[in-house]
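Notes to accompany the following structure.
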Amino acid sequence: MTSIQQNIEHITSQIATAQQKCGRTRETIQLLAVSKTKPVEAVLEAAQAGQKEFGENYVQEGADKVSYFQQNHPELSLEWHFIGPIQSNKSRIVAENFDWVHTIDRAKIAQRLNDQRPINLAPIQVLIQVNTSGEASKSGTDESEIFALTELISSLPNLTLRGLMSIPANVSDHESQLHAFHQLAELKDKLAAHYPALTLDTLSMGMSGDMEAAIEAGSTMVRIGTAIFGARDYSNKA
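Mind the numbering: the sequence shown is residues -13 to 224 in this note's numbering, read in order.
Next up, the structure:
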């Protein structure tokens, strides 16, 4: 048994325990393994342990991994999520390689991803990133702009809106974490009520330090990196 496999089993057990505490079933939440800065060998270990969904923050690094696995391990049928900020000049690479994008926060990026998605690929499953903390340093739209962005995305044939994503303020106490996550969950409920024709079934929220609060608030996808792959090396990242 590899250490990565052990880590995945440990995180999976933690998710199950957190769900049991709040009366949720295991099938309602997805583990997204955040593999940024990690080599393809580590991703392969995780995939061989049964992990299928991977998140990447850096456009070219992520695209290179997508290409590697398509060419060398197509039988694994991995699902690739882009979870980092998107610059306009790199949107085409994202559109051509990723199955999911979690970080749409403005109309320009949504339009570019739609226009640049190859016609032979399925629509990109997308999430609107919301800045629930109001921190200037964090990406994401605010509540006042979400409905207009939803209107746009729902009109674009190569994008399918699935829900919301957030990276709240880094706080350690459970109640503060819970409050931030409840904000996002309530916002998704408002959107779902306003747009009943859309399948808004995804809340991407929660990482290693606040996963339990995120699950309690209704997260359907937790983004876990270091707890699976170990400490990251950012020495080659700008």
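The beta-carbon is built from N, C-alpha and C at its ideal position, and this holds for glycine as well.
- Taking Gly211 as the centre and dropping the five residues before and after it, the same chain places the C-beta of Val20 closer than 6 Å to its C-beta, in chain order.
- Of the residues Leu107, Asn106, Asn144, Ser152, the one whose Cα lies closest to the Cα of Asp128 is Ser152.
- Annotated as proximal: Leu164 and Ala203, with beta-carbon spacing under 7 Å.
- Contiguous beta strand (DSSP E) elements confined to the segment 63 to 122 occur at 65 to 68, 86 to 90, 110 to 115, taking only those with 3 or more residues.
- Scanning the segment 115 to 171 for uninterrupted beta strand (DSSP E) segments of 3 residues or longer gives 145 to 151, listed from N- to C-terminal end.
- Between Leu135 and Leu177, the alpha-carbon positions lie close to 11 Å from each other.
- Burial state of Leu107 is exposed, judged by a 10 Å Cβ sphere holding fewer than 16 other Cβ atoms.
- About 14 Å separates the beta carbons of Met197 and Leu170, which is beyond the 8 Å limit, so they are not a contact pair.
- In the DSSP annotation of this structure, the continuous segment of the alpha helix (DSSP H) that includes Gly48 starts and ends at 45 to 58.
- Around the beta carbon of Pro25, fewer than 16 other beta carbons lie within 10 angstroms, which makes this residue exposed.
- With respect to the 7 Å criterion, Val45 and Lys76 are classified as neighbours on the basis of their beta carbons.
- One Cα belongs to Ser194, the other to Ser(-1), and the distance between them is close to 13 Å.
- Under the three-state reduction of DSSP, Ser(-11) is assigned to helix.
- Taking Ser63 as the centre and dropping the five residues before and after it, the same chain places the C-beta of Lys38 closer than 8 Å to its C-beta, in chain order.
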